[in-house]
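Participant: Let me begin by handing over the structure; questions about it come next.
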């Protein structure tokens, strides 16, 4: 049955909640709902059905931005798009990341208002109308679905650890945020597309908190309204939050504090480099305890630190360009060959400092720091820059 604009929802026999009849023509959308997704196949049809209920009477479209999900999320989206002009899919190949997915989704839209929500059904789609109206009719630039104003709740967070991380992140960013906001970590919001487009050149585009990135990058202080919503438990799939995502969050904050003077990748690379320094010093100390001389211990520590740095950078700093399979091993070999020049400088400087001061920790740290700078310069262009 063909969906009539303004009805409560579509009905297609056994495919209730999918999309209307073949060749369905829809009016130009005034609202684009951007849904970044990865492994959310089971949530695609329920989400579209929920949007039909929540946005009845409005001219809208939903843009699923899929990062090549192995579960076939984009196949589900395409199957619906073939039958419903409101549904669109954008497949990204060789790129990962929620923020960058949102950016590409919004830039693919021509609607006056764009809304962003997760594909896991934890955001309450019934609040979309209030978010959209606040921007379309009430003069606000951004309307945020908030868990931390009266009537909101974050009960859907998986466990106490997730709650602690969320609350801690909120307290941290509120200290540097240019506006008063109870839930700056929200991923559920609506805003004017023209404001988003003016903000794009300033966005870091990394991590998973695109709203925070927008607030810290907007060319002017936006007028904002918070709309309470209850964060629901996940219906299907699994959380994407891991330690690497948290490190990306820290790198994005550092990028904004530095006002873009230091590239986000360099900040992330430096954080990984700190881990490499600790690995270097630990191996050096172990070698020293087993009777190895300083030079041998420093060479061994440098080698282990290089392997550790490659693995962490492949998983974090260059997550959107991650090398896999044979290319990963080739990249590791190339990384170690090129960075051997940095290792020579590392050991040489470390030996000079150790000979002068006799302080092995200071000498080891100084040498490792030199290697970090060199490694970043070569890896950005010759390792993960190759496609």
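Numbering (the working numbering), first residue to last: 63 to 449.
Ideal Cβ placement from N, Cα and C applies to all residues, glycine included.
Hey, residue 346 and residue 196: beta-carbon distance below 9 Å or not?
Facilitator: Mapped onto the chain shown, residue 346 falls at position 284. Mapped onto the chain shown, residue 196 falls at position 134. Taking 9 Å as the Cβ cut-off, residue 346 and residue 196 do not qualify as a contacting pair.
Participant: By a C-beta neighbour count over all protein chains shown, 10 Å radius and 16 as the cutoff for buried, is residue 443 buried or exposed?
Facilitator: Here residue 443 is taken as the residue at index 381 of the chain shown, counted from 1. By the neighbour-count rule (16 or more Cβ atoms within 10 Å), residue 443 is not buried but exposed.
Participant: With distances taken between CB atoms, is the gap from residue 402 to residue 331 smaller than 9 Å?
Facilitator: By 1-based counting over the chain shown, the position of residue 402 is 340. By 1-based counting over the chain shown, the position of residue 331 is 269. Not a contact, by the Cβ cut-off of 9 Å.
Participant: Enumerate in chain order the residues of its own chain whose CB-to-CB distance from residue 212 is below 8 Å, with the five nearest sequence positions on each side excluded.
Facilitator: The count along the chain shown starts at 1 and reaches residue 212 at position 150. So the list reads 290, once near-sequence residues are dropped.
Participant: Beta-carbon within less than 8 Å of residue 241's beta-carbon, same chain only, minus the 5 sequence neighbours each way: which residues are those?
Facilitator: Taking the chain shown and counting its residues from 1, one reaches residue 241 at position 179. Closer than 8 Å at the Cβ level, and outside the excluded window around residue 241, lie 277, 283, 284, 286.
Participant: Between the C-alpha atoms of residue 342 and residue 381, what's the straight-line distance to the nearest angstrom?
Facilitator: Here the question's residue 342 lines up with position 280 in the chain shown. Here the question's residue 381 lines up with position 319 in the chain shown. If you take the alpha carbons of residue 342 and residue 381, they lie about 23 Å apart.
Participant: Could you check which residue in 100, 394, 133, 329 has the C-alpha nearest to that of residue 163?
Facilitator: Taking the first residue of the chain shown as position 1, residue 163 is located at position 101. Minimum Cα distance to residue 163 is reached at 100.
Participant: Can you give the Cα-Cα distance for residue 371 and residue 173, rounded to whole angstroms?
Facilitator: Counting from one through the chain shown, the residue named residue 371 turns up at place 309. Counting from one through the chain shown, the residue named residue 173 turns up at place 111. Distance between the alpha carbons of residue 371 and residue 173 is about 43 Å.
Participant: Can you say whether residue 246 is buried or exposed, counting buried as having 16 or more other CB atoms within 10 angstroms of its CB?
Facilitator: Locating residue 246 in the chain shown gives position 184, counting from the first residue. Residue 246 is buried by the Cβ-count criterion.
Participant: Do the CB positions of residue 123 and residue 150 come within less than 9 Å of each other?
Facilitator: Numbered from its first residue, the chain shown carries residue 123 at position 61. Numbered from its first residue, the chain shown carries residue 150 at position 88. Yes. Within cutoff.
Participant: Need the endpoints of the alpha helix (DSSP H) that residue 258 sits in, please.
Facilitator: Here residue 258 is taken as the residue at index 196 of the chain shown, counted from 1. Its alpha helix (DSSP H) spans residues 255-261.
Participant: Can you give me the C-alpha to C-alpha distance between residue 116 and residue 255, rounded to a whole angstrom?
Facilitator: Numbered from its first residue, the chain shown carries residue 116 at position 54. Numbered from its first residue, the chain shown carries residue 255 at position 193. So the two alpha carbons sit approximately 21 Å from each other.
Participant: If residue 95 and residue 120 are in contact, beta carbons under 8 Å, what's the gap, nearest whole angstrom?
Facilitator: Here the question's residue 95 lines up with position 33 in the chain shown. Here the question's residue 120 lines up with position 58 in the chain shown. In fact, because the Cβ distance is near 10 Å, the residues do not count as touching under 8 Å.
Participant: Determine the closest residue to residue 127 out of 168, 253, 109, 104, with distance taken between C-alpha atoms.
Facilitator: For the purposes of this step, residue 127 is taken as the residue at position 65 of the chain shown. Among 168, 253, 109, 104, the Cα nearest to that of residue 127 is on 168.
Participant: When DSSP labels each residue in this structure, what does residue 290 get in the three-state scheme?
Facilitator: Locating residue 290 in the chain shown gives position 228, where the first residue counts as 1. Strand.
Participant: Please name the residue or residues paired with residue 251 in a DSSP beta bridge.
Facilitator: To locate residue 251, count along the chain shown from 1; it is residue 189. Residue 251 pairs with 178, 206.
Participant: Which residues in the same chain as residue 265 place their Cβ atom closer than 6 Å to its Cβ, once the five residues preceding and following it in sequence are excluded?
Facilitator: Taking the first residue of the chain shown as 1, we reach residue 265 at position 203. 275, 279, listed in sequence order.
Participant: Output yes or no for whether 9 Å exceeds the beta carbon distance between residue 193 and residue 251.
Facilitator: By 1-based counting over the chain shown, the position of residue 193 is 131. By 1-based counting over the chain shown, the position of residue 251 is 189. Taking 9 Å as the Cβ cut-off, residue 193 and residue 251 qualify as a contacting pair.
Participant: Could you tell me the distance, in whole angstroms, from the CA atom of residue 375 to the CA atom of residue 395?
Facilitator: For the purposes of this step, residue 375 is identified with residue 313 of the chain shown, where counting begins at 1. For the purposes of this step, residue 395 is identified with residue 333 of the chain shown, where counting begins at 1. Between residue 375 and residue 395, the C-alpha separation is close to 14 Å.
Participant: Thinking residue 24 and residue 175 are a contact (beta carbons under 8 Å), I'd like their distance in whole angstroms, please.
Facilitator: Given that the chain is displayed from residue 63 to residue 449, the structure contains no residue 24 and the question cannot be resolved.
Participant: Do residue 154 and residue 110 have their beta-carbon atoms positioned less than 9 Å apart in this structure?
Facilitator: To locate residue 110, count along the chain shown from 1; it is residue 48. To locate residue 154, count along the chain shown from 1; it is residue 92. For residue 110 and residue 154, no; Cβs fall outside 9 Å.
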